[in-house]
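**Q** Protein chains in written order, with our numbering: chain A, 35 to 512; chain B, 9 to 227; chain C, 56 to 376. Cβ coordinates follow ideal geometry from the N, Cα and C atoms, glycine included. These numbers were taken from a predicted model, which means no experiment stands behind them. Mind having a look at this structure? Questions to follow.
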């Protein structure tokens, strides 16, 4: 187990250091893709090793899914980023020097996310997320336009406050576990905390969860702590937007789920469910309405990410095997679909030289290939069958209807509002009089097709082995 | 035993007072000086914990707080303000009176909350945690009520002082040193970012001029 | 019986001691200021001469002044004198020990202040009105801070009766407490404001725009003015005594000590008073007066300090319980 974990974390970090030394952007892009592919392979290899936990790392049914998803999307995003960044260099938006650091930072970010995902020590989990935040801040500001710097600054401030509050929550968890597990590293080891959960100090656990919810919730982008998210998505390079939406939000939510598991295993601690339901619903409905007023295409899909994160938080708040199953499935589906959409959006923005929706018209005429990809992605994300997102949303809604019919009205309403907004905007983008300019772009459609293909397959037939993992992870979440 | 408590209470209490002084001050250099004082107090508090708890590796954290936050960063920010001509007044979103009242409310809240919740814990832990939470919330308040980037950084750093205080107050917590190093990196990056961004703002016009000159030459 | 007489005797000593020593304290402060400004300055006994001169002079009263204007100076002096006589100075176990409650003290001073403000408005001149309104603004900020300071002390001593607080502080082991330091700072700020000293008010000026206390008493003359001046001097002694009693009670004769210990108590008290007066003088020459609009922030600082003091005292009590 340890070798695979070491590979998953080590490959990105080592190759990040190596890539700083590689001058040409082609070589470093190729190196990036290669390193991410190797990471993906070692992520998959985790399937064939026994699950287990050491004092610092853990591999169980809960995180193995996330690790594989993380490495897969990281790999496809690196392929996309190779063609995207090539275009940025040709148009002079980025200088080769920046690109050298860009690739190193991309790998560093993937490595730190893998560190957070495999960590068994809650301090290590925090360190992983902190590094990932730091690196994304730098990458959001990489274009160095005033608005990019403003977005990076906002992200910096909000992200740091969030991460600080999460750290305070981590200290409180340690204190809650100190009595039962003794001083030292064991009171920070997740698997021991989980096993000893009923003996922990209930009131400290409650306070800790509040801090962790606010802290990591900021990173998940839950309203009202989401202010950094649209800016960071809109101003950074699109591969980073894809990774932010598809992966970093997931990792933050994963951290939150780990703590939820401890808290809900304690009989006297607060039930995290209602709090998460409320925060999830607020994010979902708020973001759904905000979708109507967006003028920037990347901001539009950033708000859509807030909406889906809200839905997922809602699902985990509901709890129970079916809702948890649906929540996990939706995390995976959203991650694949949203990053696919950002792949398409990135090329669209390059073709039209703008991110303003008003400046993008008639894509179906000028760039039919991109238009089909974008349309498929938007159909998938708005929950149309036969895509996988439909499956998970359907499951969330039906299980809510079965248990609390009135409560189900709200997410259903939010989803319909968002559905309307997305299709309306999509129509604007695809049809109408084509706007100038309309450059040719060398789009790499493979990542997009892989993602949408997986989402489509998941919507039609979910392999039993996958169902098994999801069920076991949902079982762990209770 | 009681002696140990007295000293740590004194240092942590003075840190809280420094947090209020940060909210009260409206001149940027005074803010920097108070922040440096708070960082030095933190270093002393951590050093004291290291001494009484027999955890020598905490001295690293103390030394880091002293050198980086007590000396290097205030001096660097001071120089930066002078060189970049940043406004010397602190721009406040909310008035001082209201901010201070809010601060008092937050402090009361955190003391009540922590004392109620940690009834079973050791006295050291309760004390440190209560004051640390107050300092953290006051740091957040400062970040919210200030516009200027420099004062926002100072607010964040004082928030982080509270975090380190909480972490050292939690007996036997591992990784404290590592986390304090991680935070220091974060802060250094913060300061660096401001420096770079400000420099850029100033040089933007110069850059544009240079471009126009080039164009004029080639024509 | 004999013991009661002794205690009554002690109380009487204290009453007249504070009354007699008050002008000298003001004299010392003025002298210190003068010397630091490189002036010769009036001798320390000058305030006594001023008072006796004023008492002998005719007092001029405005035509439309009511009975309140005439009677207020005596009442103000009475209230202040009672208050000053209650604060433990050289011994803690005197006759009216039971009445030396900090809350009562605040109430007595508040009554005197209210009378002064009313008297200031009575004649209907604009200065009196300005002075009164500013005085009340200062009071609304200073009084809560003062009460909080008192409560802080009460929280650690378990009582609001000043002699008992002082005894507790003498007997308790020496500990460094942030809360005590904060309370001291807050009390000093309040004392500066209440006594119309720099930086809140300047006792030596008659500049319309800045004065507070002097504006209220502008219409008084003769023996009325003498009463008011004496009350102001007593108030200064009261505040210095209060600070000394709460934060430097050492040397004070405890309740069970005989009258022999009083002598050392009186000596220590006089030394501390003189020291306080000199410090005040030094402080006043080394700092500038602030604008009236800034006074709110200054006193707000006192409130914050006092509030923090009580929070920290509470924290210590809860944690060490």
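1) Residue 207(C) and residue 226(C) - do their beta-carbons sit closer together than 8 angstroms?
2) Run through DSSP, which three-state label would residue 93(A) get?
3) Label residue 187(C) either buried or exposed according to how many other C-beta atoms from any shown protein chain fall within 10 Å of its C-beta, with 16 as the threshold for buried.
4) Using a beta-carbon distance cut-off of less than 8 angstroms, what residues from the stretch 178-192 of chain B approach chain A?
5) Which residues, in order along the stretch 232-249 of chain C, keep a beta-carbon less than 8 angstroms from a beta-carbon of chain B?
6) Can you name the start and end residues of the alpha helix (DSSP H) that residue 132(B) belongs to?
7) Are the CB atoms of residue 13(B) and residue 131(B) within a distance shorter than 8 angstroms?
8) Rounded C-beta distance between residue 279(A) and residue 372(A)? I'm assuming under 8 angstroms.
9) Using a C-beta to C-beta distance shorter than 9 angstroms, which residues of chain C count as neighbours of residue 170(B)?
10) Between residue 302(C) and residue 164(C), what straight-line distance do the alpha-carbon atoms span, to the nearest angstrom?
11) Alpha carbon to alpha carbon, how far is residue 195(C) from residue 112(B)?
12) On the three-state DSSP scale, how would you describe residue 374(C)?
13) Over what stretch of residues does the alpha helix (DSSP H) that includes residue 384(A) continue unbroken?
14) Please name the residue, chosen from 186(A), 334(A), 442(A), that lies closest to residue 315(A) on a Cα-to-Cα basis.
15) For residue 223(B), count neighbouring C-beta atoms within 10 Å of its own C-beta (all shown protein chains included) and say buried if the count is 16 or more, exposed if not.
16) Would you mind stating whether residue 238(A) and residue 293(A) have Cβ atoms separated by less than 8 angstroms?
17) Can you tell which of 153(A), 407(A), 149(A), 388(A) has the C-alpha that lies nearest to the C-alpha of residue 471(A)?
18) Nearest by alpha-carbon distance to residue 319(C): which of 87(C), 308(C), 327(C), 304(C) is it?
19) Assuming residue 160(A) and residue 200(A) are in contact, meaning their beta carbons sit under 8 angstroms apart, how far apart are those beta carbons, in whole angstroms?
20) Should the stretch 266-286 of chain A be regarded as contacting the stretch 143-160 of chain A, the criterion being three or more beta carbon pairs within less than 8 angstroms?
21) Which residue comes first and which comes last in the alpha helix (DSSP H) that contains residue 177(C)?
22) Report back the beta-carbon spacing between residue 146(C) and residue 317(C) to the nearest angstrom; my notes put them in contact at under 8 angstroms.
23) Let me know the secondary structure DSSP gives residue 86(A) once reduced to three states.
24) Looking at the structure shown, is residue 119(C) part of a helix, part of a strand, or coil, going by DSSP?
25) Between the stretch 43-56 of chain B and the stretch 161-170 of chain B, can you find at least three pairs of beta-carbon atoms closer than 8 angstroms?
26) Suppose the cutoff is 8 angstroms on Cβ atoms and the five residues either side in sequence are ignored; what does the same chain contact list for residue 298(C) look like?
27) Please state whether DSSP places residue 93(C) in a helix, a strand or coil.
28) Return helix, strand or coil for residue 323(C), following the three-state DSSP convention.
29) From residue 252(A) to residue 192(A), what does the alpha carbon distance come to, in whole angstroms?
30) Below 7 angstroms between beta carbons is the criterion; list the residues of the stretch 193-227 of chain C that meet it against any residue of chain B, in chain order.
31) My parser needs the alpha helix (DSSP H) runs of 4 or more residues fully inside the stretch 52-124 of chain B; what are they?
32) Note down, in chain order, all residues in the stretch 222-245 of chain A with a beta-carbon under 8 angstroms from any beta-carbon belonging to chain B.
33) Could you check whether the Cβ of residue 367(C) sits closer than 8 angstroms to any Cβ belonging to chain B?
34) Counting only C-beta atoms, is residue 105(B) closer than 8 angstroms to chain C at any point?
35) Residues in its own chain within less than 6 angstroms of residue 102(B) by CB, not counting five upstream and five downstream?
36) If residue 50(B) and residue 82(B) are in contact, beta carbons under 8 angstroms, what's the gap, nearest whole angstrom?
**A** Let me lay it out:
1) Here residue 226(C) is taken as the residue at index 171 of the third chain, counted from 1. Here residue 207(C) is taken as the residue at index 152 of the third chain, counted from 1. Contact: no.
2) Here residue 93(A) refers to the residue found at position 59 of the first chain. Strand, per DSSP.
3) Your numbering for residue 187(C) matches position 132 in the third chain. Classification for residue 187(C): buried.
4) 178, 179, 180, 181, 182, 183, 186, 187, 190
5) 232, 233, 234, 237
6) As a working mapping, residue 132(B) is identified with position 124 in the second chain. It spans 131-153 - the alpha helix (DSSP H) in which residue 132(B) sits, taken as one unbroken run.
7) Walking along the second chain from the start, residue 131(B) turns up at place 123. Walking along the second chain from the start, residue 13(B) turns up at place 5. Result yes, Cβ atoms of residue 131(B) and residue 13(B) sit closer than 8 angstroms.
8) For the purposes of this step, residue 279(A) is identified with residue 245 of the first chain, where counting begins at 1. For the purposes of this step, residue 372(A) is identified with residue 338 of the first chain, where counting begins at 1. Confirmed, about 5 angstroms.
9) Position 162 of the second chain, counting from 1, holds the residue named residue 170(B). Here the premise fails: no neighbours, minimum Cβ distance about 15 angstroms.
10) Position 247 of the third chain, counting from 1, holds the residue named residue 302(C). Position 109 of the third chain, counting from 1, holds the residue named residue 164(C). Computed Cα separation, rounded: 21 angstroms.
11) Residue mapping note: residue 195(C) aligns to position 140 of the third chain, counting from 1. Residue mapping note: residue 112(B) aligns to position 104 of the second chain, counting from 1. The straight-line gap from Cα to Cα measures roughly 18 angstroms.
12) Against the third chain, residue 374(C) aligns to sequence position 319. Residue 374(C) falls in the helix class under three-state DSSP.
13) Stepping through the first chain from its first residue, residue 384(A) is reached at position 350. Looking at the DSSP string, the run of the alpha helix (DSSP H) that includes residue 384(A) is 354-386.
14) Translated into the one-based positions of the first chain, residue 315(A) becomes position 281. With distances taken between Cα atoms, residue 315(A) lies closest to 442(A).
15) The residue labelled residue 223(B) in the question sits at position 215 within the second chain. With a pLDDT of 37 at residue 223(B), under the threshold of 50, the modelled position of this residue cannot be trusted; read the value that follows with caution. That one is exposed.
16) Here residue 238(A) corresponds to residue number 204 of the first chain, with the count starting at 1. Here residue 293(A) corresponds to residue number 259 of the first chain, with the count starting at 1. No, these two residues do not count as a Cβ contact at 8 angstroms.
17) Looking up residue 471(A) in the first chain gives position 437. Ranking 153(A), 407(A), 149(A), 388(A) by Cα distance to residue 471(A) puts 388(A) first.
18) As a working mapping, residue 319(C) is identified with position 264 in the third chain. Of the candidates 87(C), 308(C), 327(C), 304(C), the one whose C-alpha sits nearest the C-alpha of residue 319(C) is 308(C).
19) Here residue 160(A) refers to the residue found at position 126 when the first chain is read from its first residue. Here residue 200(A) refers to the residue found at position 166 when the first chain is read from its first residue. Right, the Cβ-Cβ distance comes to about 6 angstroms (below 8 angstroms), so this counts as a contact.
20) yes
21) Position 122 of the third chain, counted from the start, is the residue given in the question as residue 177(C). Element bounds for residue 177(C): 157-177.
22) Within the third chain, the letter at position 91 stands for residue 146(C). Within the third chain, the letter at position 262 stands for residue 317(C). About 5 angstroms; that satisfies the 8 angstroms criterion.
23) Walking along the first chain from the start, residue 86(A) turns up at place 52. Residue 86(A): strand per DSSP, three-state reduction.
24) In the third chain, the residue the question calls residue 119(C) occupies position 64. Residue state, collapsed to three classes: coil.
25) yes
26) Translated into positions along the third chain, residue 298(C) becomes position 243. 239, 242, 243, 246, 331, listed in sequence order.
27) The count along the third chain starts at 1 and reaches residue 93(C) at position 38. Coil at residue 93(C), not helix or strand.
28) Counted from its first residue, the third chain places residue 323(C) at position 268. Here residue 323(C) sits in helix by DSSP.
29) As a working note, residue 252(A) is residue 218 in the first chain. As a working note, residue 192(A) is residue 158 in the first chain. Each residue's Cα considered, the two are about 7 angstroms apart.
30) none
31) 66-72, 81-92
32) 222, 235, 237, 238, 240, 241
33) Against the third chain, residue 367(C) aligns to sequence position 312. Output row for residue 367(C): interface = yes.
34) Numbered from 1 along the second chain, position 97 holds the residue referred to as residue 105(B). Output row for residue 105(B): interface = yes.
35) On the second chain, position 94 is the one that residue 102(B) refers to. Excluding positions up to five away in sequence, the list reads 153.
36) As a working mapping, residue 50(B) is identified with position 42 in the second chain. As a working mapping, residue 82(B) is identified with position 74 in the second chain. Wrong, their Cβ atoms sit about 13 angstroms apart, outside the cutoff.
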